[in-house]
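Peer 1: The structure that follows is given in the form of C-alpha cells.
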Amino acid sequence: MTLLTQDEQQQVAEAIDRIEQHTDAEVVTVLAAQADDYHYIPLLWAGLAALLLPGILVVLTGWLSSGWLLLTQWLTFIVLALVFRMPGVTTRLIPRSVRHWRACNLAHRQFIQLGLHHTSDATGMLIFVSEAERYVEIMVDRGISQRIDDSVWESIIADFTAHVRQGKTLEGFLVCIDACGAELRQAVPATHERNELPNRLVILS
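Counting from 1, position 161 in the sequence shown corresponds to residue 201 in this note's numbering; the numbering is continuous, with no gaps.
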C-alpha cells in the first residue's frame, strides 16, 4: 500500500488553501494506512479452527487418540496463525463492521487530537480516510453542523469512498475538498482572514 507522495500531499494542502479563502471553516485532512494492525484476528481464527478441527476428524474417522488430538490442535493453530498473518488473507478475515468500527474510532480520536473541537467559532472539519479499510468520514464541529445537515456529506463520502476503492486516493481528496468547499462557501462564508490549523495532509502510516 502506497500513501501519497510529497507532491501529492502538497496538492491536497493547496486545495485546502483555496477553499479556506472563501469560508471560516478550518479544514484538516488525515490519511491513515490502516486503522488497526489487527494482530489478534489471525490468532482468533486459528484458535477457533484448532478447536473445531479435532471434532470434525472424529466425525469423519470415528477415532482420534488424546495424544493425536493435542498434536493436531497445536499444528493447526501454528500453521493457520502463520497463514492468516499474510496481509491479503488477514483483510479477508476481518468483518466489514469491525474494520469500519476501528476506522471510525480512529477518526474520532484524530478530531480531538488535532484540536478541531477548539476552533474559535467551532467551525472545524475533518476529512478522514483509512486506505486499508476503504473508509472515509467527514466530521464537523457544531458551527458547521448547525448550518449544514449531515446528509449533505453522504454523497460526498460515497464518491470519495469509490475513489479509494479504485486506488485513486489523491483524486478522491481533491474532488472531496472542492465539493466540501462549495457547501462551506454558501453556509459558512469567510468573514475574516485566519488560519488556526495547518492545512497539510496528516499521514498516519
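Ideal placement from N, C-alpha and C gives every residue a C-beta, glycine not left out.
(1) Under the assumption that residue 29 contacts residue 170 (Cβ atoms under 8 Å), give the Cβ distance between them as a whole number of angstroms.
(2) Alpha carbon to alpha carbon, how far is residue 115 from residue 131?
(3) Quick test of the definition: if touching needs 3 or more C-beta pairs under 8 Å, does the region 41 to 51 touch the region 188 to 202?
(4) Per DSSP, what kind of secondary structure is residue 229 in: helix, strand or coil?
(5) From the DSSP output, which residues share a beta bridge with residue 170?
(6) On the CB-based measure, 16 or more other CB atoms within 10 Å of its CB, does residue 163 come out buried or exposed?
(7) Please list the terminal residues of the continuous alpha helix (DSSP H) segment that includes residue 146.
(8) Tell me whether the beta-carbon of residue 75 lies closer than 7 Å to the beta-carbon of residue 146.
(9) Just the Cα atoms here: how many angstroms apart are residue 206 and residue 176?
(10) Going by other Cβ atoms of all chains shown within 10 Å of its Cβ, with 16 needed for buried, is residue 159 buried or exposed?
(11) Going by C-alpha to C-alpha distance, which of 229, 93, 191 sits closest to residue 111?
Peer 2: In terms of the structure at hand:
(1) Nothing can be reported for residue 29: it is not among the residues displayed for the chain, which extend from 41 to 245.
(2) The straight-line gap from Cα to Cα measures roughly 23 Å.
(3) no
(4) strand
(5) 72, 175
(6) buried
(7) 136 to 153
(8) yes
(9) 13 Å
(10) buried
(11) 93
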